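Written below as structure tokens is the structure these notes are about.
Protein chains: 2
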Amino acid sequence: MGSPLSRDLIVRTAVELIERDGVNAISMRRLAAELGSGAMSLYNHVPNKSALLDAVAEHILAELELDADPSVDWREAARSMARGFREVAGRYPRSVMVVASRQLNTTVGLRPVELALATARAAGFDGQAAVQVMRAVVNYVLGCLVHEASLTEARWAADAAPRLDEAALDAAGLVNVRELLPALVEHDSEADFEFGLELLISALDALPRTSPDGAGSSG
Amino acid sequence: MGSPLSRDLIVRTAVELIERDGVNAISMRRLAAELGSGAMSLYNHVPNKSALLDAVAEHILAELELDADPSVDWREAARSMARGFREVAGRYPRSVMVVASRQLNTTVGLRPVELALATARAAGFDGQAAVQVMRAVVNYVLGCLVHEASLTEARWAADAAPRLDEAALDAAGLVNVRELLPALVEHDSEADFEFGLELLISALDALPRTSPDGAGSSG
DNA sequence: CCTCCCCACGTACACCGTACGTCTTTGACC
DNA sequence: GGTCAAAGACGTACGGTGTACGTGGGGAGG
């Protein structure tokens, strides 16, 4: 039948399937059925399932829009990058763990690293410091996204509502948890994300470095 | 023969198996073989594989030593907690993703939350602020551990060495990556972890709050 | 025409989670 | 001791999984 069946089509369909039915639901057979083809046909375009998931991760990461210009204001550039990550994570919530659990040394995977390093350097951090600064922010963003993904997945498997019994909390001596329970339950992920992000940026801003601001003498 | 086969033994053996052969290698059959019993015998102690992984996560999280006293110095308490997380993650590197990918609303899972909230309050953050402060640090730590776990797993599957070709980097226009490549490759995870942690703590220290230090009027 | 290669596809195998039934052991009660 | 019931170890079986391998058809180059 009409089966052009290219690698790109396979990957895009895989992303759709993950977003619809979850990561665990993906299988070569189901994916092939979704494409209206035989299971083994996929192997003409993808060596194995692991490579397919790598391709999925890369495909999603490629949607990152990197339009920030570090030379204008590194703080705004950092904010823009972090929010960009969170935005695409919000677009593919059930695929976040796939992307997070594989590190991509490919060109497309290194593209955000490039911009992040450029931003760190524009902020006045050199050499090892630039790498550390980038890693600090990236790790924070990564943690936020993994956390959010975990919540999303748990909400999707909504059979198990969050069992938070105040009496049980008291019995376990978790007084702070019980007192702050309303604040814990109502989860404004974006506010939390922004809070920590500003925290990091302000700390970086207070750090000693070669050029105090974006408008300076760079290499 | 000698098969006491308790739930605790099953979980501990599962952890061993994950650490030895990786998360993907775990299966009810292999785990049973490791225990010298039949596969179906496990189901007398664990409802299904998902619950077993939950139990694994809980078992590992239970090894967290929470001996920090927030009332003495909240900064040192925060450091101690964060390092505690990283230490047990280092003890069970291949199980980190299992723990990270499931959120635990059980008593043992909430125990660290309790201490973290107590620490945030001791630092002078109240209500919603305490929750946000805790989440910021926890998310950063989580990101670091996931990152490290990803690296560890990639190193264990050492078949694919990190292909970082300088010529290819130049061709892709990744000049910053190429220039900082040595700093990127030599990975001092602990230094990076501490750097970001101090960053966050210093930023929190600079934040306005009700009581400027641990020794103050709380509540 | 023939030939060769690409690629879709079916079959097959080993392994997976687990529902179900069976058998052995154990321990409580008379 | 005898009896009965519950617990738990185990085998079998079913539907699903990744993928190695062989087969067949259709388009391109001679």
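Chain order of the listed sequences is D and R. Just so it is clear: in the first sequence, position 23 is 23 by my numbering, and no numbers are missing. Take any residue in the second sequence, note its place counting from 1, add 219, and you have its number in my numbering. Idealized CB from N, CA, C, for every residue including glycine. Here the structure is a predicted model, which means the values were calculated and not measured.
The Cβ-Cβ distance between Val15 (chain D) and His59 (chain D) falls below 8 Å.
Interface residue (Cβ-Cβ distance to chain R less than 8 Å): Ala78 (chain D) is not classified as such.
CA-to-CA, the gap between Leu117 (chain D) and Val396 (chain R) works out to about 7 Å.
Sequence-distant partners of Glu367 (chain R) (beyond 5 residues in either direction) whose C-beta falls short of 6 Å from its own C-beta, in its chain, are Ser408. Annotated three-state conformation of Phe304 (chain R) is helix, per DSSP.
Here the region 5 to 24 of chain D makes contact with the region 90 to 97 of chain D; the two share three or more CB pairs at distances below 8 Å. In terms of Cβ geometry, Arg102 (chain D) and Ser369 (chain R) form a close pair [threshold 8 Å].
Cβ proximity to chain D below 7 Å picks out Met316, Ala319 from the region 301 to 319 of chain R.
Ranked by how close their Cα comes to the Cα of Asp384 (chain R), the residues D:Ala168, D:Leu169, D:Leu110, D:Trp74 have D:Leu110 in first place.
Boundaries of the alpha helix (DSSP H) around Gly109 (chain D): 107 to 122. Gly36 (chain D) is classed as exposed because its beta carbon has fewer than 16 other beta carbons within 10 Å across all chains shown. Per the C-alpha coordinates, the member of D:Pro112, D:Leu31, D:Glu34 positioned closest to Gly392 (chain R) is D:Pro112. When the five nearest sequence neighbours on each side are left out, the beta carbons in the same chain lying within less than 6 Å of the beta carbon of Leu364 (chain R) are those of Ala308, Val315, in order along the chain.
Taking all protein chains shown into account, Thr210 (chain D) has fewer than 16 neighbouring C-beta atoms within 10 Å of its C-beta and is therefore exposed.
DSSP, read as helix, strand or coil, puts Ile245 (chain R) in coil. Note on Pro289 (chain R): 16 or more other CB atoms within 10 angstroms of its CB, so buried under the neighbour-count rule. Comparing C-alpha distances from Ala122 (chain D) to each of D:Ile26, D:Arg29, D:Asp73 shows the shortest one belongs to D:Asp73.
The shortest CA-to-CA distance from Leu228 (chain R) to any of R:Asn267, R:Leu271, R:Ala244 is the one to R:Leu271. Note on geometry: alpha-carbon atoms of Leu207 (chain D) and Arg231 (chain R) lie some 45 Å from one another. In the structure shown, Phe195 (chain D) adopts helical secondary structure according to DSSP, grouped into three states. Of the residues D:Thr107, D:Phe193, D:Leu42, the one whose Cα lies closest to the Cα of Leu388 (chain R) is D:Thr107.
Nearest in C-alpha terms to Glu333 (chain R), of all of D:Ile26, D:Glu179, D:Ser27, is D:Glu179. In this structure Gly84 (chain D) is buried. Its beta-carbon is surrounded by 16 or more other beta-carbon atoms within 10 angstroms. For Gly346 (chain R), at least one C-beta of chain D is nearer than 8 Å to its own C-beta. Less than 8 Å separates the beta-carbon of Phe412 (chain R) from that of Arg305 (chain R).
When the Cα atoms are used, Leu280 (chain R) and Arg249 (chain R) turn out to be separated by approximately 24 Å. With contacts defined by Cβ atoms closer than 8 Å, Gly362 (chain R) and Asn105 (chain D) do not form a contacting pair. For the set R:Leu261, R:Ala355, R:Ala348, the Cα lying nearest the Cα of Leu197 (chain D) is the one of R:Ala355. In the DSSP assignment, Pro266 (chain R) falls outside any alpha helix (DSSP H), carrying neither H nor E. For Val332 (chain R), the chain D residues whose Cβ falls inside 7 Å of its Cβ are Val177, in order along the chain. CA-to-CA, the gap between Pro266 (chain R) and Leu64 (chain D) works out to about 41 Å. Looking at the backbone, the Cα of Ala296 (chain R) and that of Val352 (chain R) are separated by about 14 Å. Val72 (chain D) sits in coil when the DSSP states are folded into three classes, being neither helix nor strand. Boundaries of the alpha helix (DSSP H) harbouring Ala319 (chain R): 315 to 319, taken from the DSSP string. Rounded to whole angstroms, Glu34 (chain D) and Val394 (chain R) show a C-alpha spacing of 41 Å. For the 8 Å CB-CB criterion, Ala287 (chain R) and Val131 (chain D) do not form a contact.
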